[in-house]
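Student:
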Amino acid sequence: MPKTLTPVNAFPANIANFPQAGNNEPIAIGPLENAFQVLLNRTENLHIRLLDNEVNGIKRVRKFVSLSELSAATGFSDGDVADVEGYGRYRLYNPSGLAADGLWILTATGGTGRWVHILNSMRGANSGLATLTSGGRLAQSPQDGSILTAHLANSAVTGPKLAAGAAVANIGYTPVNKAGDTMSGDLVNTARMFVHRQAGAPSPAISLAIGDEDTGFHWISDGVIAAYGNNSEAFRFTGAQFDFKVPFTGRYDHAQRWSVNAFLGGSSSVTLQPNDTYTLCIHKVGKPSGKNLYLKRIRWRLSGAPVARIASNNTYTTSTNEGDDALDFALVTSPTSALYNVSIQAYNSSGAPLVINPSDSIWIELEIR
Numbered sequence: 001m002p003k004t005l006t007p008v009n010a011f012p013a014n015i016a017n018f019p020q021a022g023n024n025e026p027i028a029i030g031p032l033e034n035a036f037q038v039l040l041n042r043t044e045n046l047h048i049r050l051l052d053n054e055v056n057g058i059k060r061v062r063k064f065v066s067l068s069e070l071s072a073a074t075g076f077s078d079g080d081v082a083d084v085e086g087y088g089r090y091r092l093y094n095p096s097g098l099a100a101d102g103l104w105i106l107t108a109t110g111g112t113g114r115w116v117h118i119l120n121s122m123r124g125a126n127s128g129l130a131t132l133t134s135g136g137r138l139a140q141s142p143q144d145g146s147i148l149t150a151h152l153a154n155s156a157v158t159g160p161k162l163a164a165g166a167a168v169a170n171i172g173y174t175p176v177n178k179a180g181d182t183m184s185g186d187l188v189n190t191a192r193m194f195v196h197r198q199a200g201a202p203s204p205a206i207s208l209a210i211g212d213e214d215t216g217f218h219w220i221s222d223g224v225i226a227a228y229g230n231n232s233e234a235f236r237f238t239g240a241q242f243d244f245k246v247p248f249t250g251r252y253d254h255a256q257r258w259s260v261n262a263f264l265g266g267s268s269s270v271t272l273q274p275n276d277t278y279t280l281c282i283h284k285v286g287k288p289s290g291k292n293l294y295l296k297r298i299r300w301r302l303s304g305a306p307v308a309r310i311a312s313n314n315t316y317t318t319s320t321n322e323g324d325d326a327l328d329f330a331l332v333t334s335p336t337s338a339l340y341n342v343s344i345q346a347y348n349s350s351g352a353p354l355v356i357n358p359s360d361s362i363w364i365e366l367e368i369r
């Protein structure tokens with residue numbers, strides 16, 4: 001009667017009591033059936049191994065959905081590898097003396113083995129790789145051990161090293177990279193600085209306060225900049241003009257500091273004899289009590305070679321016939337209040353006659369203080 005044999009995933013070491021024909025003796029069916037069953041089982045075992053381990057020459061790696069599932073898995077030997085979804089690849093070391101940490105090194109069921117992540121040896125190394133999960137979690141401890149948790153979610157750490165903005169503040173800086181950030185230190189720039197307003201950005205590109213908040217420069221409109229003091233506009237300038245909003249004063253208070261210009265004029269020259277002077281102008285100055293009169297600057301040109309002389313209570317004489325002297329020469333030092341003459345003169349310091357021409361002039365700047 002026909003009989004169907006069912007293969008079993010096993011690999012018997014040998015075929016026991018295999019029948020042999022001899023002396024025209026009939027072969028027993030039972031031992032022959034056992035022999036075929038052994039061959040069938042061996043074939044099935046090889047078939048299962050091929051399916052589990054080799055597909056088109058590529059070794060298959062078992063996958064697990066969690067670390068705990070890998071730790072509880074059986075049927076693995078030393079050197080086997082497995083993947084855990086979201087964590088990566090682990091290799092079984094059996095036996096192993098490594099301490100399990102629940103992430104990089106896992107316990108293995110059925111012995112002293114350990115599942116070790118293939119990047120475990122790179123943790124903390126200078127060439128190590130920082131790995132992130134799809135959820136933005138850090139899956140590798142920093143080299144200095146400042147993070148001891150296995151996973152670090154975004155914004156989950158508020159300690160001094162990783163609190164918002166603290167990483168930069170810990171090295172002495174305050175972050176200035178978004179609206180609302182305030183720079184507390186001095187900005188020193190030894191080169192040129194360019195601030196460009198991008199298309200579509202709000203105006204003005206710069207609002208500059210100098211000193212306090214109500215003193216500085218303010219952008220009014222295209223091509224118009226205004227200067228403010230104590231929140232009041234002093235002046236503004238455009239590409240074509242200056243507009244003053246307050247009375248304009250000169251460089252000095254002219255009751256205390258002013259200038260006078262003297263020249264020969266006319267159409268004829270004047271001959272100046274040796275050691276003689278020629279007065280171009282006498283300027284009357286009313287000096288108050290307790291003040292002095294100073295010659296602050298003189299500019300002159302006497303083309304015929306005389307020198308310039310400014311005479312009052314004291315006299316200042318130049319050494320050349322033209323030049324520009326900045327000085328602080330006291331013409332009058334009397335403490336009393338009086339009206340004083342200041343003579344602007346040409347002086348012939350040579351031994352021969354000299355000429356003063358119509359265009360020759362002397363300009364002086366005086367100050368009372």
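Counting in the UniProt record's numbering, the sequence shown runs from 1 upward without gaps. Cβ coordinates follow ideal geometry from the N, Cα and C atoms, glycine included.
Helix, strand or coil, according to DSSP, for His47 in the structure here?
Tutor: Within the sequence shown, the letter at position 47 stands for residue 47. Helix.
Student: Can you list, in chain order, the residues of its chain whose CB lies under 7 Å from that of Asn348, leaving out five sequence neighbours each side?
Tutor: For the purposes of this step, residue 348 is taken as the residue at position 348 of the sequence shown. So the qualifying residues of the chain are Leu272, Gln273, Pro274, Asn275, Asp276, Pro306, Leu354.
Student: Throw me the rounded Cβ distance for the Val285 and Val195 pair, which I believe falls under 8 Å.
Tutor: On the sequence shown, residue 285 is found 285 positions in, with the first residue counted as 1. On the sequence shown, residue 195 is found 195 positions in, with the first residue counted as 1. Contact doesn't hold; Cβ gap of about 51 Å is too wide.
Student: Mapping DSSP to helix, strand and coil, what is Leu187?
Tutor: If you number the sequence shown from 1, residue 187 lands on position 187. Leu187 falls in the coil class under three-state DSSP.
Student: Taking only the alpha-carbon atoms, compute the straight-line gap between Lys296 and Pro204 and give it to the nearest angstrom.
Tutor: Translated into the one-based positions of the sequence shown, residue 296 becomes position 296. Translated into the one-based positions of the sequence shown, residue 204 becomes position 204. Cα to Cα, the separation comes out at about 44 Å.
Student: Touching or not, the stretch 109–121 and the stretch 85–97, by the rule of three or more beta carbon pairs under 8 Å?
Tutor: With a cut-off of 8 Å, the stretch 85–97 and the stretch 109–121 count as touching, because enough Cβ pairs lie within range.
Student: When the Cα of Asp328 is compared with those of Trp300, Ala311, Leu366, Thr336, which residue comes out closest?
Tutor: What you label residue 328 is simply residue 328 of the sequence shown in a count that begins at 1. When each option's Cα is compared against that of Asp328, the closest is Leu366.
Student: Determine the direct distance from the alpha carbon of Gly239 to that of Ser221, and round the result to whole angstroms.
Tutor: As a working note, residue 221 is residue 221 in the sequence shown. As a working note, residue 239 is residue 239 in the sequence shown. Going from the Cα of Ser221 to the Cα of Gly239 covers about 12 Å.
Student: Residue ranges of each beta strand (DSSP E) run of no fewer than 3 residues wholly in the stretch 65–128, ordered along the chain?
Tutor: 81–84, 88–93, 105–107, 114–117
Student: Would you give the residue range spanned by the beta strand (DSSP E) that Val61 belongs to?
Tutor: For the purposes of this step, residue 61 is taken as residue 61 along the sequence shown, with counting starting at 1. First-last for Val61: undefined, no H or E at that position.
Student: Since I believe Ile356 is in contact with Gly304 (beta carbons under 8 Å), could you give me their beta-carbon distance rounded to a whole number of angstroms?
Tutor: Here residue 304 corresponds to residue number 304 of the sequence shown, with the count starting at 1. Here residue 356 corresponds to residue number 356 of the sequence shown, with the count starting at 1. Going by Cβ atoms, the distance from Gly304 to Ile356 rounds to 6 Å, so yes, they are a contact pair.
Student: Within 10 angstroms of the Cβ of Phe76, are there 16 or more other Cβ atoms? Answer buried if so, exposed if not.
Tutor: In the sequence shown, the residue the question calls residue 76 occupies position 76. Flag for Phe76 reads buried.
Student: Quick one: Cα of His151 to Cα of Asp78, how far?
Tutor: As a working mapping, residue 151 is identified with position 151 in the sequence shown. As a working mapping, residue 78 is identified with position 78 in the sequence shown. With a pLDDT of 48 at His151, under the threshold of 50, the modelled position of this residue cannot be trusted; read the value that follows with caution. So the alpha carbons of these two residues sit roughly 28 Å apart.
Student: For Ala103 and Arg114, which I take to be in contact (beta-carbon distance under 8 Å), what is that distance rounded to the nearest angstrom?
Tutor: Translated into the one-based positions of the sequence shown, residue 103 becomes position 103. Translated into the one-based positions of the sequence shown, residue 114 becomes position 114. Note that residue 103 is Leu in the sequence shown here, rather than Ala. Taking 8 Å as the upper bound for CB-CB distance, Leu103 and Arg114 are not in contact here, some 12 Å apart.
Student: Considering only C-alpha positions, which residue in the set Pro358, Ala330, Ser232, Val332 is nearest to Leu280?
Tutor: Counting from 1 along the sequence shown, the entry for residue 280 is found at position 280. Measuring from the Cα of Leu280, the nearest candidate turns out to be Pro358.
Student: Just reading off the beta strand (DSSP E) that Gly229 is part of, what are its end residues?
Tutor: Indexing the sequence shown from 1 puts residue 229 at position 229. Counting along the chain, the beta strand (DSSP E) containing Gly229 begins and ends at 224–229.
Student: For Leu70, which residues from the same chain have a beta carbon less than 7 Å from its beta carbon, with the 5 sequence-adjacent residues on both sides left out?
Tutor: As a first step, residue 70 must be located in the sequence shown, where it is residue number 70. Cβ neighbours of Leu70 beyond the five flanking positions: Phe64, Ala82, Val84, Tyr90, Leu106, Trp115.
Student: From the DSSP secondary-structure annotation, give me the bridge partner or partners of Gln241.
Tutor: Here the question's residue 241 lines up with position 241 in the sequence shown. None; Gln241 has no bridge partner.
Student: Where does Arg42 sit, in a helix, a strand or coil, going by DSSP?
Tutor: Working through the sequence shown from its first residue, we reach residue 42 at position 42. In the structure shown, Arg42 sits in a helix (DSSP, three-state: H, G or I).
Student: Pick helix, strand or coil for Asn357, following the three-state DSSP scheme.
Tutor: Residue numbering aside, residue 357 sits at position 357 when the sequence shown is read from its first letter. DSSP places Asn357 outside both helix and strand once states are collapsed to three, so it counts as coil.
Student: Are Lys287 and Ser319 close, meaning C-beta to C-beta below 9 Å?
Tutor: Position 287 of the sequence shown, counted from the start, is the residue given in the question as residue 287. Position 319 of the sequence shown, counted from the start, is the residue given in the question as residue 319. Not closer than 9 Å, so no.
Student: Taking Cβ positions, are Ala308 and Gln345 nearer each other than 9 Å?
Tutor: Translated into the one-based positions of the sequence shown, residue 308 becomes position 308. Translated into the one-based positions of the sequence shown, residue 345 becomes position 345. Cβ distance < 9 Å, so Ala308 and Gln345 count as in contact.
Student: Would the beta-carbon of Ile298 fall within 9 Å of that of Ile310?
Tutor: Start at 1 with the first residue of the sequence shown, and residue 298 comes out as number 298. Start at 1 with the first residue of the sequence shown, and residue 310 comes out as number 310. In terms of Cβ geometry, Ile298 and Ile310 form a close pair [threshold 9 Å].
Student: Assign Ser361 to buried or exposed, taking buried as 16 or more other Cβ atoms, counted over all protein chains shown, within 10 Å of its Cβ.
Tutor: Counted from its first residue, the sequence shown places residue 361 at position 361. Looking at its Cβ environment, which holds 16 or more other Cβ atoms inside 10 Å, Ser361 is buried.
Student: In the DSSP assignment, find the beta strand (DSSP E) that holds Lys287 and state where it starts and stops.
Tutor: What you label residue 287 is simply residue 287 of the sequence shown in a count that begins at 1. From DSSP, the beta strand (DSSP E) with Lys287 extends over 277–287.
Student: What would DSSP say about Gln345, mapped onto helix, strand or coil?
Tutor: For the purposes of this step, residue 345 is taken as residue 345 along the sequence shown, with counting starting at 1. In this structure, Gln345 counts as strand in the three-state DSSP scheme.
Student: Does DSSP classify Leu32 as helix, strand or coil?
Tutor: In the sequence shown, counting from the first residue as 1, residue 32 sits at position 32. It is helical.
Student: Tell me, please, which residues DSSP counts as bridged to Ile368.
Tutor: For the purposes of this step, residue 368 is taken as the residue at position 368 of the sequence shown. DSSP, once it has assigned bridges, lists Leu293 as partnering Ile368.
Student: What does the alpha-carbon distance come out to for the pair Ile210 and Gly216?
Tutor: Within the sequence shown, the letter at position 210 stands for residue 210. Within the sequence shown, the letter at position 216 stands for residue 216. Those two C-alpha atoms are separated by around 5 Å.
Student: Below 8 Å on the Cβ atoms is my guess for Pro7 versus Asn41; work out the distance and round it to an integer in Å.
Tutor: Start at 1 with the first residue of the sequence shown, and residue 7 comes out as number 7. Start at 1 with the first residue of the sequence shown, and residue 41 comes out as number 41. With 8 Å as the limit, Pro7 and Asn41 qualify as a contact, their Cβ atoms being about 6 Å apart.
Student: Thinking Asn313 and Ser334 are a contact (beta carbons under 8 Å), I'd like their distance in whole angstroms, please.
Tutor: As a first step, residue 313 must be located in the sequence shown, where it is residue number 313. As a first step, residue 334 must be located in the sequence shown, where it is residue number 334. So it is a contact: roughly 7 Å between Cβ atoms.
Student: Going by beta-carbon coordinates alone, are Tyr316 and Leu331 separated by less than 9 Å?
Tutor: As a first step, residue 316 is located in the sequence shown; it is residue number 316 there, counting from the start. As a first step, residue 331 is located in the sequence shown; it is residue number 331 there, counting from the start. For Tyr316 and Leu331, yes; Cβs fall inside 9 Å.
Student: In whole angstroms, give me the CA-to-CA distance for Gly266 and Ala226.
Tutor: By one-based count along the sequence shown, residue 266 stands at place 266. By one-based count along the sequence shown, residue 226 stands at place 226. The alpha-carbon separation between Gly266 and Ala226 amounts to approximately 47 Å.
Student: List the residues that DSSP assigns as beta-bridge partners of Leu339.
Tutor: Counted from its first residue, the sequence shown places residue 339 at position 339. Listed as beta-bridge partners of Leu339 by DSSP are Gly286.
Student: Let me confirm a value: Leu187 is counted as buried when at least 16 other C-beta atoms fall within 10 Å, else exposed. Which label applies?
Tutor: As a first step, residue 187 must be located in the sequence shown, where it is residue number 187. Leu187 should be labelled exposed.
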